[in-house]
Every structure is written in C-alpha cells, then in structure tokens.
Amino acid sequence: MTAHPVKILFLASEVESLAKTGGLADVAKALPLALKEHGQDVRIIMPFYKTINRHDEAEKLLDLCLHTGNDCQDIDYAVYQLMLEDVPVYLIQQHNYFERDQLYSEGEFAYDDNGERFTFFSRAIFQVTEALGFKPDIFHCNDWHTALVPYLLKQKYGHHPFFCNSKSVLSIHNAAFQGIFEKHQFQLLEDLADGLVDQILDGYNCINLLKAGIRFADKINAVSPTYAEELLTRLGSHGLCDYFQQRRSDLVGILNGCEYSDWDPATDRFIPANYSSSDLSGKSVCRQALQVKTDLAQLDVPIFGMVCRLTEQKGFYLLLPALEQFLRHRVQVIIVGTGDSGIVAELEALQQKWPDKLRFIHAYSNELAHLVEAGADFFLMPSLFEPCGLNQMYSLAYGTLPIVRGVGGLKDTVNDYDEQPEQATGHIFYDPEPADLLNILRRALLLYLEHPEEFQAMRHRAMLSRFNWQQSVWQYEALYNDALNVNSIQQP
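Be aware that the sequence shown starts at 24, since it is given in the working numbering, and climbs by one per residue.
Structural data, given as structure tokens:
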C-alpha cells in the first residue's frame with residue numbers, strides 16, 4: 024500500500040460481470056478490485072449499455088448535458104452507479120449511443136458510428152468526474168475506446184484547475200484494434216479536431232485513436248512483458264512500431280493476473296467433480312462428462328481442447344491444415360467458439376470428415392468452457408499474436424497442458440517441455456507454419472502415450488503455477504507513481 028491513496032479513475036468499455044466481449048473486461052474488474060484491496064481510491068467508469076447485467080439495480084446520480092459547440096446538437100445524458108464489491112462503477116447512459124443490442128457490433132459488422140460513440144464517452148468522462156467531485160490523480164485508460172482521454176487531458180484540460188495535476192496511463196490489451204475512423208465522427212471535439220496533429224492521422228481522412236493515446240499518455244503499459252517487447256518491433260507492432268519506439272522509455276510490460284476465484288478446479292461449480300493437484304481423481308470424471316456432453320466415444324485417448332473467438336489472430340490458418348493430418352492419430356479434438364463465418368464453415372466441414380474425432384461447438388458457453396478446461400488433457404492456443412492470454416493460465420490451473428505459440432503472454436506463462444524439461448508446464452512452438460504446429464501436437468501426443476510419468480509431473484507443476492493480481496498490482500502502483508512524477512511527456 025502506498026503512503027497516501029492514489030485516486031484512480033479506471034476507464035473501460037467493458038467490465039466482467041457487467042458487460043463482456045473479451046479479456047479487457049476481466050482486467051477491468053480484477054485490477055480495480057486488487058488496487059482497492061491495496062488501499063487505493065479507485066472508481067470505474069463505463070457506458071451504460073442496454074444489455075448490462077444488474078441493469079435495474081443501478082442508482083441514478085446525475086442528469087447532465089454535453090455542450091458540443093460548432094453545429095452539433097448538445098447531448099443530454101445521465102449518470103448511474105452500481106457497486107462492484109466495494110468499488111463504485113459510474114455508468115454513462117445515452118440512449119442514441121448505448122441503447123443497442125451489442126457493445127460494438129451486430130454480428131461481424133461494427134457499428135458505423137463507433138468513433139462518435141466513444142468520442143462522446145471520452146468527453147463526458149471529464150464532465151462526470153468534475154460533477155461528482157472526484158479529482159483523479161490517474162486516468163487509467165484501456166485500448167482505443169478511451170485512448171482519446173490522454174489527448175483531451177493534455178490539449179483541453181491541461182490548465183483546468185480541476186484536472187491540471189491529473190496524469191494518464193494507457194493499457195494496451197490488443198494493439199491490432201486501433202479505432203480508426205473518418206474525421207467527421209470527431210465533431211464532438213469542437214475546435215480540438217482542428218488541432219489534431221498529423222501523427223494521429225491514418226491517411227488523409229481518418230484519425231487513429233490508439234495513436235492519440237500512445238502520443239499523449241504519460242505512461243503506457245502492455246499486458247505482458249513479451250508483448251511490450253513485440254510492440255517495439257516491425258513484425259509485432261501492428262504497424263505502430265515508430266510510435267512505440269518514440270515512447271519506449273515510457274512503455275512497460277505488466278503481466279495480467281488470473282482470477283482464480285472463478286477458475287479453480289477445487290471449487291468450480293460448473294464441473295461435475297472437483298479436484299486438485301493432490302487429488303486428480305475428479306479430472307477423469309470431468310473428462311468422461313466432456314465426452315458425453317460432446318457426444319464423443321468414451322475412449323482412453325488424449326483430448327485436445329480449444330475455446331476462443333474464431334478469428335485469424337487465434338491461429339486457425341495454422342490449425343486447420345495441421346488438424347487435417349493430426350486427426351489421423353488416435354485423438355479427440357473439441358473446439359468451442361463463435362466468430363468468423365469462414366472459419367466456422369471450415370471447422371464444420373472438417374467435423375463432417377472426422378465425425379468420430381472432432382467436435383466443433385459453434386456457441387459461446389461459459390459452462391462448456393469450464394468443462395473443456397477440466398476435461399481435456401491439452402489446450403490449444405496457436406495464436407499469431409497474444410498480448411497476454413488468459414486461457415493458458417486457466418488451463419495450467421486445471422492441469423490441462425497448454426500447447427501455445429511463443430508470443431506475448433503465452434511465452435511469459437508457459438515453460439516448454441523441450442527447453443525446460445525440469446520446469447516444463449506445456450509445449451511451445453515458434454514459427455507460424457502449419458508443419459511446426461503439427462510437429463508440436465505430435466510431440467505432445469508422444470509424451471502422453473510413451474512417457475506418462477513425465478506427463479503427470481508436468482500436469483502437477485502446471486497446477487501449482489500461479490499468476491496473481493497481487494503480484495501485478497505493485498507494478499501498476501509503481502507505474503502510477505512514475506506517471507505522477509512526470510512534468511510533461513517528451514514530445515516526439
């Protein structure tokens with residue numbers, strides 16, 4: 024705990040248990056709770072979506088109006104509050120922007136006004152904070168949705184008496200998503216739109232919100248040490264290498280923690296039998312239940328599981344060709360997820376070809392995700408890039424050995440059997456080629472079949488692995504202190 028609590032406003036487009044599409048939501052819940060436990064004064068602010076959980080419990084705090092200037096109409100909105108354990112969550116309700124069926128898109132198509140929606144959200148944050156009398160020491164921004172806030176803090180509120188001492192931290196959860204929108208979506212910035220520097224343009228007519236955050240945030244962090252290193256390279260920076268290089272002295276990597284209260288096989292309420300590293304008998308029960316649930320034969324063959332969004336990032340162009348060969352072996356493979364329609368079609372065709380060995384469940388199911396983690400022997404994460412990743416941490420806890428590509432947080436959390444046999448907790452391959460993935464799949468299969476004692480030793484080590492938020496929160500507090508000691512960012 025620091026000597027004096029830091030006042031932190033945590034800005035997020037989604038928060039687990041309220042609204043979630045991905046790993047950002049998990050961080051946006053777990054990190055504020057960990058900071059609160061450390062004695063910090065932390066609040067969360069997010070949009071009040073139509074679909075938010077506990078919608079009817081929200082308490083109305085304020086009615087406000089955002090004066091937009093120019094020719095734009097002023098925007099009326101309201102502020103509500105929910106409690107996330109003992110952390111206040113402020114919810115910005117604006118029907119035109121947030122009264123929609125989904126958070127960012129309908130199916131595979133993003134809302135065409137997302138730039139305007141989150142420009143409004145970013146502008147409203149300052150008005151809400153001042154109206155509530157909460158003067159943040161730190162605005163903790165997350166991904167492109169709130170990356171405009173560091174720009175506003177410097178360009179509009181730098182000399183404002185309420186905000187002049189506030190600093191900003193930007194967390195990069197996935198720099199592949201940058202928030203690139205045409206200029207006309209930024210009319211809500213009033214005259215600030217005219218002052219947008221060339222460095223945050225994307226072409227002549229578009230603005231890149233993530234660039235704005237990188238350019239103006241006082242400190243930047245990526246969600247794993249290896250991902251921070253990758254962002255400084257041409258290959259791993261998603262086209263933003265020059266911008267990260269300019270801020271490299273202000274960029275750090277802090278590994279996400281895992282919320283073990285939700286992912287612990289000893290207490291998991293979604294699985295048919297609980298188990299632990301000292302008593303694995305329940306895992307065989309979960310294995311059988313997984314085979315029954317997915318209508319696979321109850322054979323004594325290794326089960327390879329995968330639960331993810333069906334996107335190119337997750338390595339499907341590596342996996343699909345590899346599975347064509349791997350399914351010739353005595354194995355069972357279970358893949359659960361939703362996403363890209365092309366990947367869905369290929370998985371369905373592959374299932375028709377191998378109906379006794381492959382199950383593809385085209386759905387999102389939290390209960391089934393837990394059952395896969397508990398019932399499988401190996402977990403597949405052949406990602407092209409993975410800023411941090413959580414499923415490999417869940418898999419380790421459940422004794423389901425991860426098979427991962429050596430990128431981002433996957434490299435930071437899994438010890439490879441060939442590189443570190445005495446500390447091994449999984450298998451790592453590096454080259455993004457189907458043949459390399461196939462080789463490591465066969466390597467894992469041989470370990471399971473020919474060296475069962477080594478397999479069980481790896482499983483035991485994996486279950487003892489822990490990546491707690493209590494470890495990461497100290498690093499965030501140090502980052503906040505560094506930000507508060509910055510007089511002004513170094514201009515590129």
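Think of the CB as a built atom: it goes at the ideal place given N, C-alpha and C, for glycine as much as any other residue.
- The Cβ atoms of Val354 and Leu333 lie no closer than 8 Å to each other.
- Under the three-state reduction of DSSP, Gly181 is assigned to coil, being neither helix nor strand.
- Collapsing the DSSP output to three states places Val496 in a helix.
- C-alpha of Ile75 to C-alpha of Phe143: approximately 19 Å in a straight line.
- Residue environment for Gln116: buried (at least 16 other C-beta atoms within 10 angstroms of its C-beta).
- Beta-bridge analysis with DSSP links Met106 to Pro111.
- Sorting Ala458, Ala296, Gly236, His352 by C-alpha distance to the C-alpha of Asp323 places His352 at the top.
- In the three-state scheme derived from DSSP, where H, G and I count as helix and E and B as strand, Cys309 is classed as helix.
- Taking the CA atoms as reference points, Asp439 sits about 13 Å from Ala480.
- Considered as a whole, the region 234-271 harbours 248-253, 264-269 as its complete alpha helix (DSSP H) runs of no fewer than 4 residues, in chain order.
- Per DSSP, Gly412 is not a residue of any beta strand (DSSP E), being assigned neither H nor E.
- In the DSSP annotation of this structure, the continuous segment of the alpha helix (DSSP H) that includes Leu373 starts and ends at 364-376.
- Val430 is positioned such that its CB atom lies no closer than 8 Å to that of Gln415.
- If you look at Leu394, you'll find it in the alpha helix (DSSP H) that goes 389-398.
- The closest CA to that of Leu346, considering only Phe186, Glu456, Val315, is found on Glu456.
- Considered as a whole, the region 130-193 harbours 137-155, 171-178 as its complete alpha helix (DSSP H) runs of no fewer than 4 residues, in chain order.
- A distance below 8 Å separates the beta carbons of Ser406 and Lys337.
- Nearest to Trp286 by alpha-carbon distance, out of Tyr113, Ser418, Glu37, Lys380, is Ser418.
- Around Phe402, the same chain offers Gly328, Ser418, Thr423, Pro425 as residues with beta carbons nearer than 6 Å, after the five sequence neighbours per side are excluded.
- Of the candidates Gly130, Phe157, Tyr471, Tyr471 places its Cα closest to the Cα of Pro325.
- The count of Cβ pairs closer than 8 Å, one atom from the region 126-136 and one from the region 185-199, stays below three, leaving the stretches out of contact.
- Secondary structure remark: continuous alpha helix (DSSP H) runs of at least 4 residues inside the region 419-479, in chain order: 431-436, 457-473.
- Contact between Asp435 and Leu278 holds: their C-beta atoms lie close to 6 Å from each other, under 8 Å.
- Distance from the CA of Gln494 to the CA of Glu409, rounded to the nearest whole angstrom, comes to 21 Å.
- Boundaries of the alpha helix (DSSP H) harbouring Glu60: 46-60, taken from the DSSP string.
- Per DSSP, Asn119 lies in no beta strand (DSSP E) segment; the continuous alpha helix (DSSP H) that holds it begins and ends at 118-121.
- When the beta-carbon positions are compared, Ala506 and Lys234 stay at least 8 Å from each other.
- Separation of Val356 and Lys380 (C-alpha to C-alpha, rounded to the nearest whole angstrom) is 6 Å.
- Scanning Ala372, Gly432, Leu211 for the CA closest to the CA of Asn137 turns up Leu211.
- The three-state secondary structure of Tyr100, taken from DSSP, is strand.
- Ala101 is the residue among Glu108, Ala101, Val112 whose C-alpha sits nearest the C-alpha of His118.
- Judged by beta-carbon spacing, Ile294 lies within the 8 Å limit of Ala397, meaning their Cβ atoms are closer than that value.
- Going by beta carbons, Lys177 and Lys30 fall outside the 8 Å limit.
- Bounds of the beta strand (DSSP E) holding Phe402 are 401-404.
- Non-local C-beta neighbours of Pro344 in its own chain, meaning closer than 6 Å and more than five positions away in sequence, comprise Pro457, ordered along the chain.
- Beta-bridge annotation (DSSP): Ser128 is paired with Ala133.
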